[in-house]
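A short write-up of the structure that comes next.
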Ligand SMILES: [Zn+2]
């Protein structure tokens with residue numbers, strides 16, 4: 015059998031090994047138009063299809079790099095939480111699922127908090143990682159949003175949250191549901207300190223996330239075509255027994271029905287955020303140091319307002335500042351809408367700082 019081992023087997027091996035040399039993911043098929051995209055071009059185009067403009071998912075660190083000035087930011091540590099408090103098990107143990115997700119993403123949980131600037135304005139961003147158990151919100155994610163909000167108040171920075179989530183994390187039961195009021199209290203703290211709170215909705219924003227902090231921003235921006243809703247289309251259709259309209263639960267549908275303010279292409283996000291922050295930041299206010307006492311503090315999901323003893327003039331001053339903040343939000347929304355109606359003024363100027371890392 016010499017000819018078999020000496021001639022045939024090496025020949026077969028060389029054929030197989032030659033095929034192995036070809037990188038597996040050289041081409042990607044666009045899920046919307048089914049066009050073939052060269053992986054390198056797709057990465058350069060920020061994971062947006064060059065044929066039809068479909069926005070595919072983007073890694074959370076790439077996301078932060080494209081939002082912050084010059085792609086520079088500092089990652090903030092999120093306090094550790096007890097994992098698997100319920101010792102939950104479905105087909106797999108929750109502890110094993112966590113272990114797998116951590117190995118896959120290299121992250122502790124489905125959120126990352128970064129601090130930096132956008133258009134020169136101080137900003138704290140809490141971004142969801144969809145690759146980590148579908149970006150589901152458990153205790154650790156709640157802790158991330160609270161950390162981001164507290165840090166924004168402490169630094170006098172704007173808070174931007176970027177959800178990409180299927181909703182609450184079922185494996186944590188009621189504890190994950192408790193993150194809904196908890197995150198709301200956290201972002202209310204930012205608002206009480208009269209700092210801008212912006213939500214950048216990405217695909218998908220659903221369930222307990224869209225039912226809590228994601229829908230109470232001063233300004234809502236969304237990426238084109240992204241899915242925004244509470245329950246899925248099929249569930250709604252089966253419940254109300256009616257056919258839902260075309261494009262239901264997309265970013266554009268939500269904008270046309272007043273749920274969000276602006277739909278912006280991924281390449282325009284930095285520019286758009288910089289413009290909005292410029293409109294929202296009170297120039298005088300940023301020079302004052304914002305102290306957490308001027309807002310509220312969140313501990314264990316409870317809100318604690320200043321004791322409010324006497325000082326009616328302070329209350330009055332605070333009310334006036336609140337009115338001014340609301341006026342700025344209104345003005346920003348009007349500016350955004352008029353820019354949307356006038357494409358010439360909405361066209362972004364070329365960015366000076368590229369996303370170098
Ligand atoms: Zn496409």
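Residue numbers (my numbering): 15 to 371.
Backbone N, C-alpha and C define an ideal beta-carbon position, used for all residues, glycine too.
Cutoff 7 Å; reference residue i; Cβ partners in own chain excluding five residues on either side
i	result
residue 231	211, 212, 213
residue 65	44, 47, 49
residue 173	138, 162, 163, 166, 201, 204, 209, 211
residue 253	none
Residue i at chain C interface by Cβ criterion, 8 Å
i	result
residue 52	Absent here is chain C; the protein component of the structure consists of one chain.
Proximal residues to residue i (C-beta, below 6 Å), its chain only, five neighbours per side dropped
i	result
residue 56	42
residue 316	Annotation note: pLDDT 41 at residue 316 (below 50); position unreliable, no value reported.
residue 178	142, 144, 149, 216
residue 235	214, 276, 278
residue 101	none
residue 352	none
residue 194	222, 226
residue 61	70, 72
residue 286	278
residue 335	208
residue 97	112
Residues near residue i by beta carbon distance below 8 Å, same chain, minus five either side
i	result
residue 99	153, 186, 189
residue 298	Here residue 298 scores only 49 on pLDDT, less than 50, and its place in the model should not be relied on; the value that follows carries that caveat. So no residue of the chain qualifies.
residue 240	69, 215, 216, 217, 218, 219, 264, 265
residue 274	215, 234, 235, 236, 242, 265, 268
residue 191	182, 222
residue 111	147, 185
Nearest-angstrom beta carbon gap, residue j and residue i [assumed within contact, 8 Å]
i	j	result
residue 200	residue 159	5 Å
residue 130	residue 169	About 11 Å separates the two Cβ atoms, so there is no contact after all.
residue 291	residue 133	6 Å
residue 120	residue 238	Contact doesn't hold; Cβ gap of about 29 Å is too wide.
residue 92	residue 157	5 Å
residue 176	residue 77	6 Å
residue 155	residue 125	5 Å
residue 109	residue 147	Wrong, their Cβ atoms sit about 13 Å apart, outside the cutoff.
For residue i: DSSP bridge partner residues
i	result
residue 211	173
residue 51	42
residue 136	131
residue 372	Nothing about residue 372 can be reported from this structure: the residues present for the chain run from 15 to 371 only.
residue 179	219
residue 276	235
residue 264	241
Would you check if there are 3 or more beta carbon pairs closer than 8 Å linking the segment 74–90 to the segment 122–138?
Contact between the segment 74–90 and the segment 122–138 is present: three or more C-beta pairs spanning the two stretches fall below 8 Å.
Beta strand (DSSP E) segments (min. 3 residues) lying fully within the segment 218–246
Listed in chain order, the complete beta strand (DSSP E) runs (minimum 3 residues) inside the segment 218–246 are 233–236.
Minimum length 3: unbroken beta strand (DSSP E) runs contained in the segment 89–167
Within the segment 89–167, the complete beta strand (DSSP E) runs of at least 3 residues are 125–132, 135–142.
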